[in-house]
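Q: Residue numbers (our numbering): 55 to 471. For each residue, glycine too, the CB sits at the ideal point set by N, CA and C. Nothing here was measured: the structure is a model prediction, and the numbers come from that model. Sending over a structure as C-alpha cells; questions will come in a sec.
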C-alpha cells in the first residue's frame, strides 16, 4: 500500500509538472457568452419535469450550449476556468477552455465525437501537446470521484443517441426515476448557491417540525404557510432579501411535497419521517399541484410551467385519473402566487406581511364550483375539442379571474424596501 501511494504521489507530481510546463502566459480563449439563469435556458426547450417515463429529445443551438457552458463554469469558480468556447461541426464538437494555474494559464482543446450513438471524448490537447488516451481516461475517472460527480455519469448513461451538426445538436435521453434521482443530487448545487441551500434547508426543517407537532390528521396548507411566512418576515426584518426568502420558502415547500430524497438537504433523519401531506380545500392533490407549480415557475418560467401542468392533465385523460380542471386551476394559482411572491422586494414584503398574520384557503386557491374533472380523452374532446377552442379558453379565463380576485393580488400598500 505504501509503495502504491508513493507511486501515485509521484505520478501526480509528474503530471502537475508537465501541465505547468505546458502553461501559457495568456488565456487562449475568453468567455464567449453571457451566463444565463437556468430557467432561461429551460424555457426554450423540452421541460425537465416530464409526465411519464420514456425517451425524449432536446435540441440546442451552438449559442445555447455556449451559454450553458459559461453558466456551468461560473457556478463552480473553484475550477478556475477563465474562458470557454464551443464549436459544433458535423458529428463533432470542439471545446476550447483556459484554466488559470497560479499566474499562468493552461489552454485546453477537447474534441468530442460520436461513438455508438453517444458523445465521447476523442482527444485532449494541452497547448500543442496531445495527451495519450489512457491519461485522459484516468483523469475523467478520478474527476468523477474526487469532484463527487457520480450523478453526471448516471445522466450520461441515460443518453440514447446524439446528433451533432453545424450550429445545432439534438440529444435523445431516457427519462426515468434513476435520472430524477441523479438530477436531484447534482441539480442542488447547480440550481442553488450555498446561501440558497442554507435557506431552503431552514424552511424544510421548519416544515418538518410543524408536521411533527401537528395533531390534525388533515392539516390545511394555509396553517403551514402562516408558520413559514412568519419566519420569512422575521428574517427579512433582519436585513435578508424578501424575494430570496420567499423563493427559498416555495422551493422548500415543493421539495417537501415531492417524492425526492431530502437527505442531501441536511434535514435530521428523525424529522424526515414526519412528512405529513397537507390539504387545500380538503384535497391533498390540490396542495401538491399548487406548491409544485409555484416552485417550478421560479426556475422554468410561468409559460413553461403552465404547459407542463396542461400536458400532465392531458396525459391523465389518456392513462391516468382523467383531465381535471381543479388540478389545472391549482397549477395556475401556484404560478400566480410565485410571481407575486418574488416579483419585487415591495410585493414580496407585502405578501409576507399578509400571510404572517392570517392565511385563508381562498387566498391561495379559490373554492371553485363544478369544474369538470375525471374526463377521459373522448369526453374532453367531446366537450372542448382541444386546448385552443373558445370553450376551453373561456373556462381558463374564468379560473384566472377568480384567482386574480384574491386579496393577495389587489394593489398593494406601499412598503419601504
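Could you say which of 348, 381, 154 and 315 lies nearest to residue 335 if we only look at CA atoms?
A: 381
Q: With DSSP as the reference, please indicate the residues paired to residue 147 in a beta bridge.
A: 142 and 166
Q: Compare the beta carbon distance of residue 260 and residue 142 with 7 Å and say whether it is the shorter of the two.
A: no
Q: Under three-state DSSP, which class holds residue 221?
A: coil
Q: For residue 40 and residue 421, I'd like the C-alpha separation in whole angstroms.
A: Shown here, the chain extends from 55 to 471; a query on residue 40 therefore has no answer.
Q: Under the rule that 16 or more other beta-carbon atoms within 10 Å means buried, what is residue 305, buried or exposed?
A: buried
Q: Looking only at DSSP bridge pairs, what is residue 377 linked to?
A: DSSP output for residue 377 lists 429 as bridge partner(s).
Q: My understanding is that residue 135 touches residue 153, with C-beta atoms under 8 Å, so please give their C-beta distance in whole angstroms.
A: 6 Å
Q: For the beta strand (DSSP E) containing residue 174, name the first residue and the last one.
A: 172-180
Q: Put residue 152 into one of helix, strand or coil per three-state DSSP.
A: In the displayed model, residue 152 falls within a strand according to three-state DSSP.
Q: For residue 272, is the classification buried or exposed, using 16 other Cβ atoms within 10 angstroms of its Cβ as the cut-off for buried?
A: exposed
Q: Look up residue 113 in the DSSP assignment and say whether it is helix, strand or coil.
A: strand
Q: Near residue 159, which residues of its chain fall below 8 Å by C-beta distance, leaving aside the five closest residues on each side in sequence?
A: 77, 78, 79, 80, 81, 82, 136, 152 and 153
Q: So for residue 333, helix, strand or coil by DSSP?
A: strand
Q: When burial is assigned at 16 or more other CB atoms within 10 Å of the CB, is residue 170 buried or exposed?
A: exposed
Q: I need the DSSP call for residue 137, collapsed to helix, strand or coil.
A: strand
Q: Considering only residues of the same chain and omitting the five flanking positions on each side of residue 457, which have a CB-CB separation below 7 Å?
A: By the criterion of a C-beta distance shorter than 7 Å, residue 457 is surrounded in its chain by 386, 387, 390 and 420, once the five residues flanking it on both sides are discounted.
Q: Which one of 127, 455 and 250 has the shortest CA to CA distance from residue 138?
A: 127
Q: Report the CB separation of residue 384 from residue 425 in whole angstroms; it is logged as a contact under 8 Å.
A: Residue 384 to residue 425, Cβ: 11 Å. No contact.
Q: Which residue comes first and which comes last in the alpha helix (DSSP H) that contains residue 256?
A: Residue range 248-267 is occupied by the alpha helix (DSSP H) that includes residue 256.
Q: Using the three-state DSSP reduction, which class does residue 130 fall into: helix, strand or coil?
A: Correct three-state label for residue 130: coil.
Q: Can you tell me which of the three DSSP states residue 87 falls into?
A: coil
Q: Assess, as a yes-or-no matter, whether the stretch 395-414 is touched by the stretch 433-442 under the definition of 3 or more beta carbon pairs within less than 8 Å.
A: no
Q: Assign residue 406 to buried or exposed, taking buried as 16 or more other Cβ atoms, counted over all protein chains shown, within 10 Å of its Cβ.
A: buried
Q: Nearest CA to the CA of residue 294: which residue from 278, 323, 252 and 280?
A: Considering only alpha carbons, the answer is 252.
Q: Measuring alpha carbon to alpha carbon, tell me which of 191, 190 and 161 ends up nearest residue 181.
A: 161
Q: Is residue 282 buried or exposed, if buried means 16 or more other CB atoms sit within 10 Å of its CB?
A: buried
Q: If we ignore side chains and look at the alpha-carbon of each, how far apart do residue 292 and residue 299 end up?
A: 12 Å
Q: What is the DSSP secondary structure of residue 186, reduced to helix, strand or coil?
A: coil
Q: Out of 308, 164, 436 and 314, which one is the CA nearest neighbour of residue 186?
A: Among 308, 164, 436 and 314, the Cα nearest to that of residue 186 is on 164.
Q: Between the C-alpha atoms of residue 345 and residue 149, what's the straight-line distance to the nearest angstrom?
A: Rounded to whole angstroms, residue 345 to residue 149 spans 39 Å at the Cα level.
Q: Output needed for residue 349: all residues of its chain with C-beta closer than 6 Å, excluding positions within five of it in sequence on either side, in chain order.
A: Taking residue 349 as the centre and dropping the five residues before and after it, the same chain places the C-beta of 304, 305 and 308 closer than 6 Å to its C-beta, in chain order.
Q: Here's the rule I'm using: 16 or more other beta-carbon atoms within 10 Å means buried, otherwise exposed. How should residue 430 be labelled?
A: exposed
Q: With DSSP as the reference, identify every bridge partner of residue 342, one or two as the case may be.
A: Its beta-bridge partners do not exist; DSSP assigns none.
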